[in-house]
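Below: the structure, in structure tokens.
Number of protein chains: 2
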Amino acid sequence: MLSAPAPVSGTTRLYAVLGDPVVQVRSPLLVNPIFARLGLDAVLVPVHTRPEHLARVVDGLRCGGNVDGIFVTVPHKAAVVALADRHSTMVGIAGSANALRRDDDGSWYAENFDGLGFVAGLVAAGHEPAGRRVALVGAGGAGSAIAAALLSAGVDRLAVCDPDAGRLTGLRSRLDRHWPGRTTTSAGPDLDGADLVVNATPLGLDPGDPLPVRPELLPPGSVVADIIMHPRQTRLLRAAAALGHRVHHGIHMLDGQLDLYREFFRWQDRATTTRPRDVGYRSCS
Amino acid sequence: MLSAPAPVSGTTRLYAVLGDPVVQVRSPLLVNPIFARLGLDAVLVPVHTRPEHLARVVDGLRCGGNVDGIFVTVPHKAAVVALADRHSTMVGIAGSANALRRDDDGSWYAENFDGLGFVAGLVAAGHEPAGRRVALVGAGGAGSAIAAALLSAGVDRLAVCDPDAGRLTGLRSRLDRHWPGRTTTSAGPDLDGADLVVNATPLGLDPGDPLPVRPELLPPGSVVADIIMHPRQTRLLRAAAALGHRVHHGIHMLDGQLDLYREFFRWQDRATTTRPRDVGYRSCS
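Here is the structure:
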């Protein structure tokens, strides 16, 4: 059952999601019901932010004493890293972040939930990645985050492909620093022996896109995952399902993120919340 | 009947109210139901803004492409004037503003509704000020705005008192520029012949405060108004009512403002709204 959201009042805590465009973001419709269910007096609002204004919008929000968190989406995930005071290992590897939290000392900490959410969604769907071999197509922002999260979750071997040799080499060296010898790279997909094949490219957003991998090369029994949410059933997933593969939809990446956000931002049931308020402005002084 | 507010989504337009503190602001609880009733996809949220951060918070909000308006309350009403691109005559006279609107060319325009709201509340309560003689106690921010609004509404003679000679002289010269010869000033209250007596000082917020005027000097038949909202029934109003005067409560000043905001921000029923979106960022470039 849905709880009625608390009306926004002077005591309401504020979260913002920044994107350009921003009209398509789904997070307010997903997160605000969580606030309502937990009885939290908080609201997540969209802020349309052009790339050239990102630093100023983030600065203004950081100065807001009741602003507890900032989400960012395309095209701000890489640029926002420099606007946080600290960031996780995952952010360092991926070179991008999608959530910033104000910590109790007033500083801002950045995390990347794209990869963590993807892995949480996999696990929730019964596709435990630990010990498995994964072929990952795409070494961009999402692909990098997913690569790090998969290795962090115990994937045995990760084969990443991307036509951009520079970013492929860069990603591999960052991954090797934390998980040496577990990553191989190639310009085109290397699906050989993969238990799980992941599309982390935008191919499939448009119905006319070419397929990111040739379906007939998918190893028998492999699970095929896509990070594209719209359409839910991409051409790749349709082709894979037709060949008898289990498929994993892009939407699970977001489902997986909600629980992680709750933990990251320490959203607790109001009855158990003892978090101090307006604790500091260290980084806005 | 209250309409259910539209859920906040990626398309929601944003308004913010800035104050220090901000937890006491009532505007979200007053304005958001208006949005709901009009079917507008918009939300007003509080942003706790310390004085030293005002410029940065306003700058960040101005850069937000879906931010259409900013309300400010204590202690930002004077400082925010310089952060707008243009302002009304009323703001120039009062030296303070409490609402900023993004215009279609992307510039921001400031208005002061304290005085306009007070006059609208007076008129709604049947106390038409045109042609009347008014004694106004207090030439601070609220008093200045009320003085200008009263003269603008056609008050015949305005007697303003304030112990601060400097600000009294300054206000009188600004008022005389627009309404020459209609204002008199004195250090203490000059209630002689007043049809309406207005307290625009903070005296009355605390039950232990002295009265702003001596009730026995209130002219017979005069209406006595207070701008203090809490307590609703100030010591002044209680004393005036006991002497048989009609009294006008502070809350009417806010009631009067809501219709003015609606006009200022062009909040129209969704069915008739044709306003362009994200029209410009001229002043955030």
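Note that the protein sequences, when read in sequence, are chains C and H. Numbering of the first sequence is given in the working numbering, commencing with residue 160 and proceeding in unit increments. Numbering of the second sequence is given in the working numbering, commencing with residue 160 and proceeding in unit increments. We put the CB at the ideal spot given by N, CA and C, even for glycine.
Item                                                                                                                        : Value
Coil, strand or helix - L413/C by DSSP                                                                                      : helix
Residue ranges of each alpha helix (DSSP H) within the region 275-344 of chain H, 4 or longer                               : 300-311 and 324-337
Residues in the region 215-235 of chain H having any Cβ partner in chain C nearer than 8 Å                                  : R215, V216, V217, D218, G219, L220, C222, G223, G224, N225 and V226
Residues that N191/C contacts on chain H, provided the C-beta gap is smaller than 8 Å                                       : P166 and V167
Residue burial classification, T232/C (beta-carbon count within 10 angstroms, cutoff 16)                                    : buried
W426/C versus G290/C: straight-line alpha-carbon distance, rounded                                                          : 32 Å
Rounded separation between L173/H and N358/C - CA only                                                                      : 36 Å
Nonlocal neighbours in the same chain, by C-beta distance under 8 Å from D418/H, ignoring five residues either side         : A279
Bridge-paired residues (DSSP) for W426/H                                                                                    : In DSSP, W426/H forms no bridge with anything.
Beta-carbon proximity list for D179/C, same chain, < 7 Å, skipping 5 on both sides                                          : H207, T208, R209, P210 and P234
Helix, strand or coil at R245/H according to DSSP, with G and I counted as helix                                            : strand
Beta carbon of A306/C nearer than 8 Å to that of L281/C                                                                     : no
D315/H versus W267/H - alpha carbon distance                                                                                : 33 Å
Residues bridged to G228/H (per DSSP)                                                                                       : Y174/H and R260/H
Exposure label - A175/C; buried when at least 16 CB within 10 Å                                                             : buried
Per-residue DSSP class, three states only, for D418/C                                                                       : helix
Check whether V181/C and V202/H have beta carbons under 8 Å apart                                                           : no
Short Cβ contact (8 Å threshold) for R341/H with L310/H                                                                     : yes
Inter-stretch contact (C-beta, 8 Å, three-pair minimum) for the region 319-327 of chain C and the region 337-354 of chain C : yes
Residue-chain proximity (G246/H, chain C), Cβ-Cβ < 8 Å                                                                      : According to the sequence displayed, residue 246/H carries His and not Gly. H246/H does not count as touching chain C.
Interface residues of chain H facing T208/C [CB-CB closer than 8 Å]                                                         : C222, G223 and G224
Identity of the residue in T328/C, G274/C, A298/C and G299/C nearest P288/C by Cα                                           : G274/C
Coarse secondary structure for P164/H, derived from DSSP in three states                                                    : coil
Limits of the beta strand (DSSP E) - the one that V382/H falls within                                                       : V382 to D385
CB contact check: L173/C to chain H, cutoff 8 Å                                                                             : yes
Simplified DSSP state of P205/C, which is helix, strand or coil                                                             : strand
Alpha helix (DSSP H) runs wholly inside the region 351-375 of chain H, at least 4 long, in chain order                      : none
Reduced DSSP category for V406/C - H, G, I as helix; E, B as strand; rest coil                                              : strand
Beta-bridge pairing of E270/C - partner residues as DSSP gives them                                                         : A258/C
Contact belief for A269/C with G300/C at Cβ below 8 Å, rounded distance in angstroms                                        : Not confirmed; about 13 Å, so no contact.
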